[in-house]
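> First residue of the sequence shown? That's 89 in the working numbering, and the numbers climb one at a time after it. No residue lacks a Cβ here, since even glycine has one placed at the ideal position from N, Cα and C. Here's a structure for you.
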Amino acid sequence: MQAAELIAGEWRNAPPRWGHPLHSLCSYMAMFPPSMPHVFIKWLTREGDVVYDPFSGRGTTPLEACALGRAGMGSDLNPLANVLTSAKTNPPDWESLDSRVRRLKRQLRVLPTRDEPEAIRAVFAPGTLGQLLWLRSTLDRSTAEDAFILAALMGILHLNANANGVAKGLSVAMPNTFAMAPGYVLKYIHDHALVAPEVDVVEMLASRLNRYRGHLALPQRGMAWAQDATLSGRIESGNSKAKLVFSSPPYLHVMKYGKFNWIRLWLLGETPREVDNVLFSTGSLTKYLRFMSLVLHRLANVITDDGYICLVIGDVRLGARTVRLAEHVAESCVPGSLVVRQIIEDRLPNDRKVSRIWGDTKGNATKTDRILVLSAAGAGALPSPPRFDWV
Ligand SMILES: C[S@@+](CC[C@H](N)C(=O)[O-])C[C@H]1O[C@@H](n2cnc3c(N)ncnc32)[C@H](O)[C@@H]1O
């Protein structure tokens with residue numbers, strides 16, 4: 089059996105919620121589980137290597153790399169992704185984080201809320217919103233402490249309700265990964281007579297941060313920056329090249345990362361429409377393949393002579409047919425300097441075949457992800473997979 093065959097689905101052996109505690113800092117749309125980059129990083133890199141994700145999202149690949157002693161780099165054009173990735177790749181030490189939170193507690197003020205958009209005033213109680221406004225004007229994202237505090241605030245800004253129907257976060261209860269459109273939220277709050285909770289924001293923040301105490305010292309640090317994945321440019325840390333790029337590019341359907349993160353982007357002082365205007369999104373296969381060509385031409389220049397590029401690309405429905413996007417990308421977007429090594433299906437491991445077969449008999453309704461494995465010309469045969477201990 090080939091190495092890639094042996095590795096297929098290995099990440100599904102990880103128990104639920106497996107991974108470094110920092111992975112749970114904040115949810116993100118279309119995120120992959122940490123066990124997935126973990127397998128590829130352990131398989132294809134060594135300690136000290138550079139691992140890069142040009143569509144870093146919530147920073148899963150860079151954090152997993154840092155946790156495994158590799159330098160984890162991540163870029164993305166979404167400012168929310170940059171805040172999350174930078175918090176995870178460069179966390180502050182506990183003492184300075186704790187002293188910053190104590191200082192915020194002492195200085196905390198409640199600012200007037202009357203000039204805020206109607207939907208924001210409906211989602212948060214006046215006292216909660218006033219504190220958030222003060223934090224927004226006080227926190228400085230360029231410091232490791234405040235970037236981490238902002239990322240943790242993103243994680244509690246809107247959450248779902250507990251078993252008693254009480255909101256768990258700072259806002260009225262909502263699905264926690266995305267925010268419904270402002271008009272819908274206003275109507276929903278009105279129809280269900282929801283009351284936004286008055287919360288001591290810094291108190292809730294401090295209790296959330298306490299979860300990460302003892303988990304902030306990563307074996308390696310990394311870096312996060314804003315960059316369009318199609319534009320040429322080095323990896324931020326100077327001349328270093330990546331041994332591995334592990335990433336999931338935007339899919340071929342319209343995913344509005346700005347629109348569905350309007351509350352989080354409000355706290356960051358960003359405009360959702362402007363964010364969506366710069367992010368890539370299309371329903372056209374031709375435009376998607378042109379985009380992926382540009383991305384792969386750039387990535388060919390940021391990997392080492394024996395480096396790898398692994399892209400998670402899901403199948404999509406186009407009208408009545410299912411399109412295996414990964415195969416299209418392999419056929420028409422790969423520059424001559426790269427070699428197509430494998431397309432690995434994200435399937436359940438053999439010992440869980442029963443549910444897999446059950447899934448098949450349901451008419452292949454389950455969504456299939458595929459991982460396209462490319463390498464630079466200098467990479468030899470794919471190494472044998474290591475052992476994975478999912479504890
Ligand atoms: C599928 S998500 C990645 C999710 C990530 N793997 C995770 O686990 O959180 C795709 C990402 O691509 C970003 N993106 C879209 N267009 C981009 C572009 N042209 N350049 C850089 N990033 C872009 C989006 O902001 C989004 O974070």
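(1) What does DSSP give as the partner residue(s) for residue 410 in the beta ladder?
(2) List in chain order the residues whose CB is within less than 5 angstroms of at least one heavy atom of ligand 1.
(3) So residue 297 and residue 185 are supposed to be a Cβ contact under 8 angstroms. How far apart are they, rounded?
(4) Give me the residue from 402, 473, 242 and 257 with the minimum Cα distance to residue 248.
(5) Going by other Cβ atoms of all chains shown within 10 Å of its Cβ, with 16 needed for buried, is residue 375 buried or exposed?
(6) How should residue 357 be labelled, buried or exposed, when 16 other C-beta atoms within 10 angstroms of its C-beta is the threshold for buried?
(7) Determine the closest residue to residue 103 out of 373, 121, 152 and 293, with distance taken between C-alpha atoms.
(8) Does DSSP put residue 152 in a helix, in a strand, or in coil?
(9) Which two residues bound the contiguous beta strand (DSSP E) that contains residue 60?
(10) Please state whether DSSP places residue 451 in a helix, a strand or coil.
(11) Thinking C-beta only, is residue 458 closer than 9 angstroms to residue 432?
(12) For the beta strand (DSSP E) that residue 163 lies in, which residues bound it at each end?
(13) Which partner residues of residue 141 appear in the DSSP bridge assignment?
(14) Excluding sequence positions up to five away, which residues of its chain have a Cβ less than 8 angstroms from the Cβ of residue 302?
(15) Whole angstroms is fine: what's the gap from residue 292's alpha carbon to residue 216's?
(16) Going by DSSP, name the residue or residues bridged to residue 426.
(17) In chain order, what residues of the same chain lie with their CB nearer than 8 angstroms to the CB of residue 115, ignoring the 5 residues before and after it?
The answer reads as follows:
(1) For this step, residue 410 is matched to residue 322 along the sequence shown. Partner residues in the beta bridge of residue 410, as assigned by DSSP, are 405.
(2) Here the residues come out as 116, 118, 119, 120, 143, 145, 146, 148, 164, 165, 166, 169, 316, 317, 336, 338, 345, 367 and 368.
(3) The sequence position of residue 297 within the sequence shown is 209, counting from 1. The sequence position of residue 185 within the sequence shown is 97, counting from 1. Right, their Cβ atoms sit about 6 angstroms apart.
(4) Residue numbering aside, residue 248 sits at position 160 when the sequence shown is read from its first letter. Distance from the Cα of residue 248 is smallest, within the candidate group 402, 473, 242 and 257, for 257.
(5) Translated into the one-based positions of the sequence shown, residue 375 becomes position 287. Answer is exposed; the Cβ neighbour count stays below 16.
(6) Counted from its first residue, the sequence shown places residue 357 at position 269. Answer is exposed; the Cβ neighbour count stays below 16.
(7) Along the sequence shown, one-based indexing puts residue 103 at 15. The shortest Cα separation from residue 103 among 373, 121, 152 and 293 belongs to 121.
(8) The sequence position of residue 152 within the sequence shown is 64, counting from 1. The DSSP-derived three-state label of residue 152 is helix.
(9) Lying before the first or after the last residue shown, residue 60 is absent from the chain, which here runs from 89 to 479.
(10) Counting from 1 along the sequence shown, the entry for residue 451 is found at position 363. Because residue 451 carries a pLDDT of 36, less than 50, the predicted location of this residue cannot be relied on, and the following value inherits that uncertainty. Looking at residue 451 - three-state DSSP - the assignment turns out to be coil, as it is neither helix nor strand.
(11) Taking the first residue of the sequence shown as position 1, residue 432 is located at position 344. Taking the first residue of the sequence shown as position 1, residue 458 is located at position 370. Contact flag set, yes.
(12) Your numbering for residue 163 matches position 75 in the sequence shown. Element bounds for residue 163: 159 to 164.
(13) As a first step, residue 141 is located in the sequence shown; it is residue number 53 there, counting from the start. Answer by DSSP bridge pairing, in chain order: 162.
(14) Indexing the sequence shown from 1 puts residue 302 at position 214. 182.
(15) Reading the sequence shown from its first residue, position 204 is the one you call residue 292. Reading the sequence shown from its first residue, position 128 is the one you call residue 216. Roughly 11 angstroms separates the two Cα atoms.
(16) Here residue 426 corresponds to residue number 338 of the sequence shown, with the count starting at 1. BP columns for residue 426 point to 464.
(17) By 1-based counting over the sequence shown, the position of residue 115 is 27. If the five residues before and after residue 115 are omitted, its C-beta is found closer than 8 angstroms to the C-beta atoms of 146, 243, 264 and 265, all from its own chain and listed in chain order.
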